[in-house]
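Each remark here refers to the structure printed beneath this line.
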Amino acid sequence: MRIEGRGLCQSNTSVPFTFDGERLTGREGDTLAAALIANDKRVVGRSFKYHRPRGILTAGSEEPNALVTIGHGPQQDPNVRATVQELYEGLEARSQNAFPSVSFDLMAVNDLMSPFLGAGFYYKTFMWPKNFWEKLYEPIIRRAAGLGALSGLTNEDTYEKAYAFCDVLVIGAGPTGLMAALGAARAGADVIVADEDSRMGGRLLAETGEVDGKPGHAWAADIVAELATMDNVRLMHRTAVTGAYDQGTYGALERVGQHHPHQPGKPLECFWRIVARRAILCAGALERPVAFPNNDRPGIMTAGAVRAYLNRWGVVAGRKVAVFANNDGAHRTALDLMAAGVDVSAVIDSRAEAQALGDYKLFTGAQVIGTKGRKGLESLSIRQSDRTLRIEAECLAVSGGWNPSVHLACHMNGRPEWNAETLSFLPRDGMVPGMTAAGAARGQFSTAACLADGARVAKEVVIELGLTPSDTAMPRAEDRPYRIEELWAVEGRGRKWLDFQNDVHVKDVRLAAQENFRSVEHMKRYTTQGMATDQGKNSNVAALAVLADATGRGIPETGTTTFRPPYTPVSIAAMGAGSQGEGFAPKRVTTSHTASVDRGAPMIEAGLWYRPSYFPKPDERTWQESCNREVTMVRNAVGICDVSTLGKIDIQGPDAAAFLDFVYTNTFSTLKVGRVRYGLMLREDGHVMDDGTTARMGKSHFVMTTTTAAAGLVMRHLAWVSQALRPDLDVVFTSATEQWAQFAVAGPKSRDLLDAVVDGGIDPESWPFMACGEVDVMGVRGRLFRISFSGEHAYEIAVPAGYGAALYRVLLAQAETMGGGAYGMEALNVMRIEKGHITHAEIHGRTTAFDIGFEGMVSKKTDCVGFSASRRPGLLEESREQLVGLHPVDPAGKLTAGAHLFEDRAEPVRTNDHGYVTSVCHSPTLGHDLALGFLTNGRARHGETIKMVDHLRGVTTLARVCDPVFFDKEGARVRG
Amino acid sequence: MRIPCPICGTRDRREFTYQGAAELLRRPAPDAGDAAWDDYLHNRDNPCGEARDLWFHEAGCGAWLVVERDTATHEVMGAELAEKVAS
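Just so you know, the protein sequences line up as chains A and B, in that order.
Our numbering numbers the first residue of the first sequence as 1 and each following residue consecutively.
Our numbering numbers the first residue of the second sequence as 977 and each following residue consecutively.
Written out as structure tokens, the structure reads:
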């Protein structure tokens, strides 16, 4: 119900929303939880395992019960905490894990079965028969247990990721955080204040105490206003710091677009990576419930949450409220409620010496031993010495003390330390380098102590940063002692719940201990304690206190489970923002891309590049038809292919030739200026890394090409060799892949074509095979290389990339007048197989120069990368699998890539394996399939008939072993 | 994780490519023999504590670095240019 005149937002603007289809109204500034309480909605969800009716427990992000689904369709967002979700007009919320409805849930039958469903039940019960688990038990259990569901539709929402840097990151903007931020900001530090709430102030917004003579929330608003005016401060609202990582990196999730109706294009969330020289952890503390019999009825809430709902939002979860606590602070709940005119039926305090702070009925040395009310609290039974009493209450405010939010301090594997005075775990110094905890996060629980601690830590931090702290007067505030006595679990009939979301109760923990799951980590996994979305924020400390008791150890010896990021749930979509679909990897396109697409070429990925697969003509129905035509066209006339994707590395310096001698197996210092040479590059372990041609443009100027896929790898390798292995060589190099557009012009008519395009024509004498040099194309300075991958008389012509699209158009137009045209990757691949040229299908990382028949390129060396290792006997044995060509004995036979090779009469099993097929094509030139592959001792077996078996596709073909060069072995065409 | 590149300043580890132990800098002579080469190519310590390894500032200046860090605490003690260590 709503209490008029209470709450921080005095606007009376009503906000319509729906809950499970029912139209309700809340007020501006409400969270969904506050609005549900105002509308007397008590049951808001069902528990995970027993489907117990559950109500709102807390007022913050630690909420275990009030999880709802917001929206519908692709926008549907499950497991949203109603305590965090801000209300907006038209908000559509639904309860979860209940069928048919949250108030009448058929699955609640599980609750009646609960005596059989204790800890480890699944492990003990669903063991046999073995295959029943996957087929029967698991599907049923999964359907019965669970939280909200995704829609199953593609998420069209926008998410962002962002980076920020600061001197001081203040985590949490309660009294401690505000003082810390003020201290750091006034000293001139770059400050980021991140607070998960929509409004900064922390507990000051939930309490009635004054700070500096004004209401705490007003003081907070003043400080926030001052910080907002400072250029060196960034205030980040709705931003939960979720993880602490190495070297001062913090993850944070900002809720950007979830507090108002959906706005297309505006991100829902932003995942931040914040790098801070120092961080001050002012995350405050979370109140813990007490485990007493049937402590999970709707209406039973933490005492601090009851105060927050009353003081911040002006709502109360019942007409009669009782308080049950083991500390003084919770008594303020009674005072605040009474001041607001709410009936307080009793304050039950487990401490014998507790004193009343006001005019309410106080039971000292008393405990709540039972509750009544299936769908909402109606009454409670309490025990005081020997007598039992019944107390009317619709809401019970419970406090078992406060747990400092040490989570972030523990994210780098540090363990917090038990403090017997505050009965809580406190962070130790230096758990996260650069982070200091302050205020309630390190057990300072009064407002005055928090303010002072924030100021003190800020001063320390600014001095460490080399800044001068400014004098900030300490505001006056309450400084009451905490006064707590141990109270974890109350004995009595009924289940005493610990983890509300995962339905773990005291008996489960004791059972775990009894069955020897005595380590806290084992107990956690056996009972699922602390494994829900709240990650045990409300229950872990009490659970391990129960475990400590059951195992006869103290709490410090029992220890905590491991705290891991994230502090609050982070949607995968936010972490992966921008990386869906085409954002998954960068897309690189060549200068001829548009022209290729315009000609209907399907584009295929080659590394990050997109290259045309083939160029279909209107009458062609399959890729094979187009490919065959393109091959024939190149072999008979001329074809144009964009080869710009090959890596191009410009290498210069007096020692450039010596450098190449060291990275290639063959020698480049002997290469004449104006000539190109094929080069083979090894890894230091003697296996082939890459191959390509390198052109000598000048005495100390080379242009190296790499394969498309290995361009980055080779660049990294050259940098390694130059910096780490041969720093004595005076050489520099840079990638020029994107600076040059380069096109293959291949076929018997290629010279004629270029003659028409290159300024001054092509003089055959000056351009023999493997020549290179500069040429002008319509006044543009370019480069020409007479090299061939197709086996035809061919050139590659390069111009600065800005002219690429134009040159491609010119080359194509000219080719088409000569019976030629464009060819794609398929035709390029066929022609290179016909010529036995290797690609990374052959040099796949496990082959040596010896294997591919290039041993002669290594043996003459005295040293180069990979030289020594390539000399190892095992890498030079005849029994190794060697590169061979294969063609089917029957010209109509199919060869398939990936198939394995066996002797004709041998059974095709692994032990008889003689090698495998790496590349396959149908050759229109020769009229049958061709393959390249590796065969044991293959060079000595040319002419032999071998059985190719493809177990995957069910193909068996007899093939003849031959030289890998199928076409024009003598190279007459390429030189002609 | 952040790595202090001597050229670019401290940068996020996403800018770097990891290679392995800095022992790779001590390349044996071509005729050092199989044992030396085997050791160089294949044998690595797996230290718990201080380690020196190679990172390539691929999305930065292109420098190979020797980064000194603690594999247990993740502390990064410093980084120097591989070129300086090698020469």
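Beta carbons are placed, not taken as given, at the ideal position from N, Cα and C, and that holds for glycine.
Model, not experiment: these values are computed from the prediction.
Cutoff 8 Å: residue i Cβ touching any chain A Cβ
i: phenylalanine 1032 of chain B; result: yes
i: methionine 977 of chain B; result: yes
i: aspartate 1046 of chain B; result: no
i: aspartate 1010 of chain B; result: yes
i: glutamate 999 of chain B; result: no
i: glutamate 1059 of chain B; result: yes
i: valine 1052 of chain B; result: yes
i: glycine 1025 of chain B; result: no
Cross-strand partners of residue i (DSSP beta bridge)
i: asparagine 403 of chain A; result: A:Leu286
i: glycine 1054 of chain B; result: B:Glu1044
i: tyrosine 916 of chain A; result: A:His900 and A:Phe934
i: threonine 957 of chain A; result: A:Met948
i: glutamine 367 of chain A; result: A:Arg383
i: cysteine 795 of chain A; result: The amino acid at residue 795 of chain A is misidentified as cysteine; the sequence shows tyrosine. Answer is A:Val745, bridged to tyrosine 795 of chain A.
i: isoleucine 762 of chain A; result: Isoleucine 762 of chain A is not bridged to any residue.
i: cysteine 772 of chain A; result: A:Phe785
i: arginine 2 of chain A; result: A:Val315
DSSP-derived helix/strand/coil call for residue i
i: alanine 340 of chain A; result: coil
i: lysine 459 of chain A; result: helix
i: aspartate 499 of chain A; result: strand
i: serine 790 of chain A; result: coil
i: proline 565 of chain A; result: coil
i: histidine 687 of chain A; result: strand
i: tyrosine 360 of chain A; result: coil
i: glutamine 384 of chain A; result: strand
i: aspartate 349 of chain A; result: strand
8 Å Cβ cutoff, residue i in contact with chain B
i: leucine 725 of chain A; result: yes
i: alanine 709 of chain A; result: no
i: alanine 869 of chain A; result: yes
i: proline 427 of chain A; result: no
i: arginine 872 of chain A; result: yes
i: glutamate 160 of chain A; result: no
i: threonine 249 of chain A; result: yes
i: aspartate 685 of chain A; result: yes
i: alanine 565 of chain A; result: Contrary to the premise, residue 565 of chain A reads as proline rather than alanine in this sequence. Chain B, which has no Cβ nearer than 8 Å to the Cβ of proline 565 of chain A, makes this no.
i: arginine 415 of chain A; result: no
i: tryptophan 272 of chain A; result: no
i: leucine 716 of chain A; result: Correcting the residue identity first, residue 716 of chain A is arginine in this sequence and not leucine. Closer than 8 Å: yes.
i: proline 586 of chain A; result: no
i: valine 1006 of chain A; result: A query on residue 1006 of chain A cannot be resolved here, the shown segment of chain A reaching from 1 to 976 and no further.
Proximity winner among the options, relative to residue i (alpha-carbon distances)
i: glutamate 485 of chain A; options: A:Ser539, A:Asn327, A:Tyr614 and A:Thr371; result: A:Asn327
i: glutamine 247 of chain A; options: A:Cys166, A:Arg953 and A:Glu287; result: A:Cys166
i: proline 565 of chain A; options: A:Gly954, A:Gln367 and A:Lys537; result: A:Lys537
i: aspartate 336 of chain A; options: A:Gly647, A:Asn311, A:Ala352 and A:Lys320; result: A:Asn311
i: lysine 152 of chain A; options: A:Asp77, A:Val504, A:Val638 and A:Ile300; result: Note on residue identity: the sequence assigns glycine, not lysine, to residue 152 of chain A. When each option's Cα is compared against that of glycine 152 of chain A, the closest is A:Asp77.
i: asparagine 1019 of chain B; options: B:Glu1026, B:Glu1034, B:Arg1002 and B:Pro1006; result: B:Arg1002
i: isoleucine 979 of chain B; options: B:Trp1040, B:Cys1024, B:Gly1054 and B:Ala1058; result: B:Gly1054
i: leucine 682 of chain A; options: A:Arg553, A:Lys587, A:Lys320 and A:Ile852; result: A:Ile852
i: valine 406 of chain A; options: A:Asn516, A:Thr734, A:Ser350 and A:Val541; result: A:Val541
i: leucine 451 of chain A; options: A:Arg203, A:Arg199 and A:Arg975; result: A:Arg203
i: glycine 177 of chain A; options: A:Met431, A:Gly454 and A:Ala82; result: A:Gly454
i: phenylalanine 789 of chain A; options: A:Phe517, A:Asp913 and A:Met831; result: A:Met831
Chain E within 8 Å of residue i, Cβ atoms only
i: aspartate 655 of chain A; result: In the structure shown, chain E cannot be found, because the protein chains are A and B.
Under 8 Å, with one C-beta from each stretch per pair, do the segment 693 to 702 of chain A and the segment 782 to 795 of chain A reach the 3-pair mark? These segments touch.
Indicate whether the contact test is met: 3 or more Cβ pairs, each with one atom in the segment 178 to 197 of chain A and one in the segment 472 to 482 of chain A, closer than 8 Å. At 8 Å Cβ cutoff, the stretches touch.
Looking at C-beta atoms only, is the number of pairs between the segment 264 to 277 of chain A and the segment 22 to 29 of chain A that lie closer than 8 Å three or more? At 8 Å Cβ cutoff, the stretches do not touch.
Cβ contact (3+ pairs, closer than 8 Å) linking the segment 600 to 612 of chain A and the segment 786 to 801 of chain A: In short, these stretches do not touch, since the Cβ pair count stays below three.
I'd like to know if the segment 723 to 730 of chain A and the segment 655 to 670 of chain A are in contact, where contact means that at least 3 CB-CB pairs between them fall below 8 Å. Output reads yes: the segment 655 to 670 of chain A touches the segment 723 to 730 of chain A.
Three-pair Cβ contact test at 8 Å for the segment 836 to 846 of chain A versus the segment 959 to 967 of chain A: Yes, they touch.
Check whether the segment 417 to 434 of chain A touches the segment 299 to 309 of chain A, counting contact only when three or more Cβ pairs, one atom from each stretch, lie closer than 8 Å. With the rule of 3 Cβ pairs closer than 8 Å, the segment 417 to 434 of chain A does not count as touching the segment 299 to 309 of chain A.
Check whether the segment 633 to 642 of chain A touches the segment 739 to 753 of chain A, counting contact only when three or more Cβ pairs, one atom from each stretch, lie closer than 8 Å. These segments touch.
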